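In this note's numbering, the protein residues as written are 61 to 401.
Each residue gets a CB set at the ideal place from its N, CA and C atoms; glycine is no exception.
Here the structure is a predicted model, which means the values were calculated and not measured.
For reference, the structure discussed in these notes is given below.
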Amino acid sequence: MFRLTALTSTLLVCGLAAAQPGVTTPAPLAPTAQPGTSPGSASAVQPAQGTAGNTVQTAPPQATAAPAAAAAAARSPDMPAPHGVLGAPIAPRTPANTVVPENPRVPVPKPVPQAYVQWMTTMAQFAEADRANPPPQDGVLFVGSSTVRLWSSLKADFPQVEKVINRGFGGSTMADNAYFVDRLVLPYRPRLLLVYAGDNDLAMGRSPERVVADFTAFFEAVRADLPNTRITYISIKPSPSRAQFGAKIAITNTLIQRYLETQANTDYVDIYHPMLDDQGKPRPELFLQDQLHMNREGYNIWKTVIAPHLPAPSGPLPPPVPPSTRAGQDAAAAASVAPSR
Numbered sequence: 061m062f063r064l065t066a067l068t069s070t071l072l073v074c075g076l077a078a079a080q081p082g083v084t085t086p087a088p089l090a091p092t093a094q095p096g097t098s099p100g101s102a103s104a105v106q107p108a109q110g111t112a113g114n115t116v117q118t119a120p121p122q123a124t125a126a127p128a129a130a131a132a133a134a135r136s137p138d139m140p141a142p143h144g145v146l147g148a149p150i151a152p153r154t155p156a157n158t159v160v161p162e163n164p165r166v167p168v169p170k171p172v173p174q175a176y177v178q179w180m181t182t183m184a185q186f187a188e189a190d191r192a193n194p195p196p197q198d199g200v201l202f203v204g205s206s207t208v209r210l211w212s213s214l215k216a217d218f219p220q221v222e223k224v225i226n227r228g229f230g231g232s233t234m235a236d237n238a239y240f241v242d243r244l245v246l247p248y249r250p251r252l253l254l255v256y257a258g259d260n261d262l263a264m265g266r267s268p269e270r271v272v273a274d275f276t277a278f279f280e281a282v283r284a285d286l287p288n289t290r291i292t293y294i295s296i297k298p299s300p301s302r303a304q305f306g307a308k309i310a311i312t313n314t315l316i317q318r319y320l321e322t323q324a325n326t327d328y329v330d331i332y333h334p335m336l337d338d339q340g341k342p343r344p345e346l347f348l349q350d351q352l353h354m355n356r357e358g359y360n361i362w363k364t365v366i367a368p369h370l371p372a373p374s375g376p377l378p379p380p381v382p383p384s385t386r387a388g389q390d391a392a393a394a395a396s397v398a399p400s401r
């Protein structure tokens, strides 16, 4: 009877201490083994000291799964479940704190290599122009270096083409166009793509083989995403200020032309030969004072030579000109507008 009273008193004191703020309930003593018993046996539990020197047999700890389940059942549906090492609650998953990517297919942006950082402002300007005035898809897209960028009359020169887009950026190389192909080409999904690049590459000291390799990378990137787009290469022009690169220009043009002949749905525009004089030299009268960029007369030749390679109004693309007759046709077209000399 005395042991029961002592046990009741101890439990009441502990309960009151737990209920009162600032009162700490002493932790239970660790069980110790009695002489002659093993630590793992049931009789090895050391009785805890009760009041007035009496002892209270301590029961082994019980599993807490049932109380935890009861607590979970009693929890309000709006209350988040505990989580983490310290049992801290997680905020409910609501639209306010749940990040859902706009397009899960868009990869995480990677750092831009230093060689291409100089063009990031230009790419941002293209993107801003597209937001302000969304360009049409399934059109005719021109990309490349300053020869394309400075073609301000591009749309007016080809009135038969309903959708013409100019995405040239001055000073760019074939490698630059290949690196930014996902911004220069893929968003527009053109039916016809014309690219002029490689001129600056050779002037920087790159080899014809390097230019062809960069063009191949450009070509394959476009073809992978736009298998139905016709890809047309405009040959490197002969500029008087870069006459010393004439041999490399001819080699590069030939290698790219041969590569395109092995690929389906491609075309090649020979602009090189129509811009030479009777002695096979670049014609200075086709260029501005810097003898690098073309004047209106030079662009007139481009207009005449390129026009047969473009689609008729609302019509299909013309068949690619066979390589055996392409150079002759392009030269004849240029001669029809060339001044007498």
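Length of the line joining the Cα atoms of residue i and residue j
{"i": "Ala324", "j": "Pro379", "result": "11 Å"}
{"i": "Tyr239", "j": "Met354", "result": "26 Å"}
{"i": "Ala192", "j": "Val241", "result": "21 Å"}
{"i": "Asp337", "j": "Pro344", "result": "9 Å"}
{"i": "Ala235", "j": "Gln339", "result": "33 Å"}
{"i": "Leu244", "j": "Gly231", "result": "15 Å"}
{"i": "Thr182", "j": "Glu357", "result": "28 Å"}
{"i": "Ser213", "j": "Glu188", "result": "22 Å"}
{"i": "Arg209", "j": "Gln174", "result": "23 Å"}
{"i": "Val271", "j": "Pro219", "result": "32 Å"}
{"i": "Val381", "j": "Thr322", "result": "14 Å"}
{"i": "Phe275", "j": "Val172", "result": "20 Å"}
{"i": "His369", "j": "Leu254", "result": "10 Å"}
{"i": "Ile225", "j": "Asp190", "result": "11 Å"}
{"i": "Phe279", "j": "Ile361", "result": "26 Å"}
{"i": "Lys215", "j": "Ala307", "result": "33 Å"}
{"i": "Ala184", "j": "Ala277", "result": "23 Å"}
{"i": "Leu246", "j": "Ala367", "result": "24 Å"}
Chain-order list of residues whose beta-carbon lies under 6 Å from that of residue i (same chain, five-residue window excluded)
{"i": "Pro196", "result": "Lys223"}
{"i": "Asp233", "result": "Note that residue 233 is Thr in the sequence shown, not Asp. Answer for Thr233: Asn260 and Asp261, listed in chain order."}
{"i": "Asp217", "result": "Lys363"}
{"i": "Ser295", "result": "Asn313, Asp330, Ile331 and Tyr332"}
{"i": "Pro371", "result": "Leu377"}
{"i": "Gln317", "result": "Tyr328"}
{"i": "Ile309", "result": "Ile296"}
{"i": "Tyr176", "result": "Tyr239"}
Check whether residue i and residue j have beta carbons under 8 Å apart
{"i": "Ser299", "j": "Phe347", "result": "yes"}
{"i": "Arg290", "j": "Leu252", "result": "yes"}
{"i": "Tyr248", "j": "Leu201", "result": "yes"}
{"i": "Val282", "j": "Asn237", "result": "no"}
{"i": "Trp211", "j": "Tyr359", "result": "yes"}
Proximal residues to residue i (C-beta, below 7 Å), its chain only, five neighbours per side dropped
{"i": "Ile402", "result": "Since the first residue of the chain shown is 61 and the last is 401, residue 402 is not available in this structure."}
{"i": "Leu320", "result": "Tyr293, Thr326 and Tyr328"}
{"i": "Gly265", "result": "none"}
{"i": "Asp350", "result": "Ser301"}
{"i": "Phe186", "result": "Arg227 and Arg243"}
{"i": "Val221", "result": "Val200, Leu370 and Pro371"}
Integer Cβ distance of residue i from residue j, believed to fall under 8 Å
{"i": "Asp285", "j": "Pro250", "result": "That belief does not hold up - the Cβ atoms of Asp285 and Pro250 are roughly 12 Å apart, past 8 Å."}
{"i": "Ala273", "j": "Phe305", "result": "Actually they do not touch by this definition, with Cβ atoms about 18 Å apart."}
Close Cβ partners of residue i (< 8 Å) along its chain, the five nearest in sequence each way excluded
{"i": "Thr207", "result": "Gly228, Tyr256, Asp259, Lys297, His353 and Met354"}
{"i": "Ala303", "result": "Lys341 and Pro342"}
{"i": "Asn288", "result": "Arg251 and Asn325"}
Heavy atom of the ligand NAD within 7 Å of residue i beta-carbon
{"i": "Glu222", "result": "What this structure holds is no ligand at all, so the ligand NAD is not there to describe."}
#### Entry: Whole runs of the alpha helix (DSSP H) within the stretch 174 to 255, excluding any shorter than 4 residues
You should have 174 to 177, 180 to 192, 206 to 209, 214 to 217, 234 to 239 and 241 to 244.
### Length-filtered (4 minimum) alpha helix (DSSP H) runs lying within the stretch 288 to 375
Qualifying alpha helix (DSSP H) stretches, in chain order: 306 to 321 and 356 to 366.
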